[in-house]
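Going line by line, the protein sequences match chains A and B. Quick note on numbering: the first sequence equals residues 544 to 1083 in the numbering used here. Quick note on numbering: the second sequence equals residues 42 to 457 in the numbering used here. Even for Gly, the Cβ is constructed at its ideal location relative to N, Cα and C. Single-structure report; data block below.
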Amino acid sequence: MARVPAIAVWVRNLLFAGLALLAVLVGQVLLWRAPLEKADATSLPAQDPEVLAVAREVDAAFSEAWSAAGETPAPSAEDLTVLRRLSLALFGTVPSFEEIRLARQIPSERRIDWWLERAFRDQRFGDYVAERFVRVCAGTEAGPFLVFRRRRFVEWWSEQLRRNRPYDDVVRSLISSTGSWTTEPETNFVTREVVSKTGPDEARLAARVSRAFLGIRLDCVECHDDFLEGKWEQEDFHQLAAFFREASMVVTGLSDSGKGDYKVRMRGAPEERAVGEAVPFGPEWLPAEGRLRARLATWVTHPQNVSFSRTAVNRVWALLCGEPLIVPVDCVPLDDNVPAGLDLLARDFVAHGYDLQRLIRVIAKTGVFRRSSEPGKVEASSSWARFPVTRLRPEQLARSLHQASSLTTVDASSHILLRLQLEGETRDFVKRFGDRGVDEFESATATVPQRLLLMNGKLVREHTRENIIANAATRIGALARDDFSAVEAAFLAVLTRAPSPPELEHFVGLLRGSKGGERARRMGDLYWGLFNSTEFSWNH
Amino acid sequence: MESLIGPKFSRRRILPGLSVLGDVLALGAEQRLRPARHLILLWLEGAPSQLETFDPHAGRAIAHGSTDIVTSAAGVRIGSGLAQTAEVMHQFTLVRSMVTREGDHERAVFNMKTGYRPNPALLHPAIGAIFCHELPHSPLEIPTHISILPNRWPARGGFLGGGFDAFQLGDPQNPLPDMRASVSGDRESRRMAGLSVIEEAFVRGQTGLEAKTLHRTNLDRARRMMSSEQLRAFNVAEEPAAIRAAYGDTPFGRGCLAARRLVEVGVPCVEVTLDGWDTHVNNHELQAARIQILDPALATLIRDLQQRDLLDRTVVFCGGEFGRTPRLNAVEGRDHWPRGFSIALAGGGFGKGRVHGETDPAGTAPEPASPVRVEDLHATLLTSLGVDPAREVRTPVGRPLQLSEGRVIGELLAGR
């Protein structure tokens, strides 16, 4: 076979690279000039009157509370602001420029409904919300290497969420399933707490169950009775833990073959004693027979167990709004001293088969969720008269930085290299930024090193430099019709809003007359300012 | 973080406080009057073998051929790989009887760094974060809590807040991360001007937004830090070549040198990590390679601090999350051993040339003599730093919690 000269190989490679670059540029121009997808509101299902009715009931409950407190609610937020909230909550990122352009084609009154229905079909919804639930179920640590598969557990959660499997059924699986942690990924909830060859730690599982699903910090009485409020005793906690005494590890995985009595040395007692299983309240909901974990799972998810439904609603509310209705999120009262609207949502959640997607629809439909965060005459947000301003989580910041640097949506249909880049960048950013761990909804201020990371860190540096292929800043500068539309596009892509007149004036002035590399650099500087603004780092 | 500070008087505070008070009162006057002001933590992540480092049982079966050497501390012998450290052993207190209830790396590192066992509901702060939290407001322009060569689990602020997380950097010979603006001159001014316009639009009318976010405040502090003279402390290249060589031409050696420089400018807590100690196979060979890096760095750090009159004001901790089994496994490795391992402590108020505790030469006893629990070590470290371990802070949910629930081991401190 004749040998091809090296020069010819190089020429061919360069030609190929040039054509690829040209194809990308043409694609971007096409994207810019005409939407890739036609948004269609006519295919939307009609509004569910029941969803609307519950949302109005919730609104009425809040209105009553505001009137009683003499508070005036803030005006409604812009649609795009609401869309940003939902995108951050369900995808962990700001909406893409492409999504914003599509949403703007939909009439305002159906825009959010349209977006939500798309979201539930999007792989990103399952994947991101799954991550948030796994944090609740398994913490943020790596866990026991041999018997805990975090990735599999997240994938399993994602599938349940996208299938919209009833939440009570999901929780029953988590608490009571048996088998291998790789083929039955739901068992990872229990195997996460394996500390020895014999099986999982009963006390840690009791703590997880009580906090994650009952909204009770029963583990506070693991070592002594509740001296402060006198509500719980040490015995309550260990009786709950005793439901896990059968859980053990065998060759095939997690089993309920038992590992003997659950023994504890109670405070002040001279030695250990066996503790039997019992529930801290509602004993009538506990089945008399069956495997211990299965009985506990039935009791936890019993329709009359309001702590289960309230805790679920409180957590989903917090996912959507950045703050729970009841703070902290895993400390929900058993009595009726709960905020306006919580029980309305909880009852609806139970009555409609623990349908998580419906719960999200209802909350997103409320006027409370759509209040502006701007103060108007309202100073406090504790009564939800204005939407709370909360800090973005580190992975939301990283994903948003990445998304805002692409004009198209980065999702499951994106090129594998782009998705790998997103995962890699997010992991590195979160590692440096720091993850608050179990303080899921803690809204502390950022630190100076975190600010430095946003000002000078690799992620922002990479996404603000001149790069016609990888960075939206450069592409917008090169492809926008004029300076006005370039500035508007940058604001929409990063902050999900159009620029105000002073902003427009300033940045159009910045771009005026610039060309080539200089224009790319000025667009990079505009992007840097947007990435470093308060508005970008906070949900509002 | 005013809200985190517990009440001055409470039942929870007074009862445990009494026992600690007894210990503290029993200390020498000098110790009580001069608490250390700095903490350097040399984290040997992966768990070093006590038998090849600070607790050799040369000639016994469990040594499996490892040998020992005499040291400058009377009657104290350590692993033969630590020849330079042996020359400064008179400055150390060795604890050969550490015990932990954690045998998994992640959990044990958390336990050793925080003094508490992992809790799914509460992220406890690392000791460096506690120390910084308890100090008065620092005039430093650079971070007060620093982690050099952080591995998977750098020191965290836990429930005290992200502000107490350790600032992380890699090999000090590389540029400091995130500290240099990627543009300069006109472009930097242009960026700041643009940012001001965007901030103005968002902040307008939002009462208390800056108080909540501290966005502008942190931005200003970040810019001050970027141009601070104190950043030079990170630059080990300013040191004479002989000093750099003495610490060893390794990232860890440079990390220890940077730690000394940072302590000199007033940084309260620096941790430097040397990982790679998890020797489940070829224990002797792999431990020796790590020891070769540790030895010059540790010995030179102690000498350097002593020569600069900083050792009395600086506590140096050297150790890992647990120890390694007395017996070699089938592939000549040592596995995890939480039932009697060693740490080395120097400076501050710690005793000099002492050994505390003793492990079984046969390697079969369930517990060492005079065991020291992780929480006791923490209570003792905090005391040496002038921090009352029984002081209570409030967790984010208002639960009062002692800085440490351990007992001060007075025997480790110089006054006893």
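If we count the other Cβ atoms within 10 Å of its Cβ and call it buried at 16 or more, is residue i buried or exposed?
i, result
"V111/B", "exposed"
"A162/B", "buried"
"M670/A", "The sequence shown places Asp at residue 670/A, not Met. Per the 10 Å Cβ criterion, buried."
"K740/A", "exposed"
"L327/B", "buried"
"S753/A", "buried"
"L963/A", "exposed"
"T636/A", "buried"
"V597/A", "buried"
"E614/A", "buried"
Skipping 5 residues on each side, what residues in its chain have a beta carbon closer than 7 angstroms to that of residue i?
i, result
"L1002/A", "A941, L944, E968 and F972"
"Q125/B", "D336, P337 and A340"
"A632/A", "L862 and L863"
Could one say the Cβ of residue i lies closer than 8 angstroms to chain A's Cβ atoms, at least one of them?
i, result
"V238/B", "yes"
"D376/B", "no"
"G87/B", "no"
"Q271/B", "no"
"F382/B", "no"
"S268/B", "no"
"V244/B", "yes"
"H6/B", "No answer is possible for residue 6/B: it lies beyond the span of chain B, which begins at 42 and ends at 457."
"H256/B", "yes"
"E147/B", "yes"
"Q209/B", "yes"
"D219/B", "yes"
"L453/B", "no"
With a CB to CB cut of under 6 angstroms and the five nearest residues on each side skipped, what residues in its chain are close to residue i?
i, result
"A329/B", "G122"
"L66/B", "Model confidence at L66/B stands at a pLDDT of 44, short of 50, so the residue's coordinates are unreliable; what they give is reported in the following sentence. Nothing listed; no residue qualifies."
"S188/B", "P195, A196, A207, Q209 and E312"
"F151/B", "P159"
"I103/B", "P367 and G404"
"G501/A", "Nothing in the structure corresponds to residue 501/A, since chain A is present only between 544 and 1083."
"V357/B", "I81, A387 and G388"
Near residue i, what residues of its chain come up, given a Cβ to Cβ distance below 8 angstroms and the 5 sequence neighbours on each side ignored?
i, result
"D212/B", "L190, P292, R295 and G296"
"E1078/A", "L1038"
If you reduce the DSSP assignment to three classes, tell me which class residue i lands in.
i, result
"G144/B", "coil"
"D665/A", "coil"
"G796/A", "strand"
"N1075/A", "coil"
"Q648/A", "coil"
"W1081/A", "strand"
"M220/B", "coil"
"A831/A", "coil"
"F605/A", "helix"
"Q443/B", "strand"
"V308/B", "coil"
"A1013/A", "coil"
Are the beta-carbon atoms of residue i and residue j separated by less than 8 angstroms?
i, j, result
"A88/B", "G364/B", "yes"
"I183/B", "M266/B", "yes"
"L783/A", "T734/A", "no"
"I1011/A", "R1004/A", "no"
"A620/A", "F1050/A", "no"
"R760/A", "C874/A", "yes"
"E93/B", "I332/B", "yes"
"V428/B", "I171/B", "yes"
For chain B, is any of its Cβ atoms less than 8 angstroms away from the one on residue i?
i, result
"Q993/A", "yes"
"K920/A", "Its pLDDT being 46, under 50, K920/A is placed unreliably by the model, and the measurement read from it follows with that caveat. Chain B contact via Cβ: absent."
"M998/A", "yes"
"T990/A", "yes"
"N1075/A", "yes"
"C864/A", "no"
"E684/A", "yes"
"D591/A", "no"
"A750/A", "yes"
"H1049/A", "yes"
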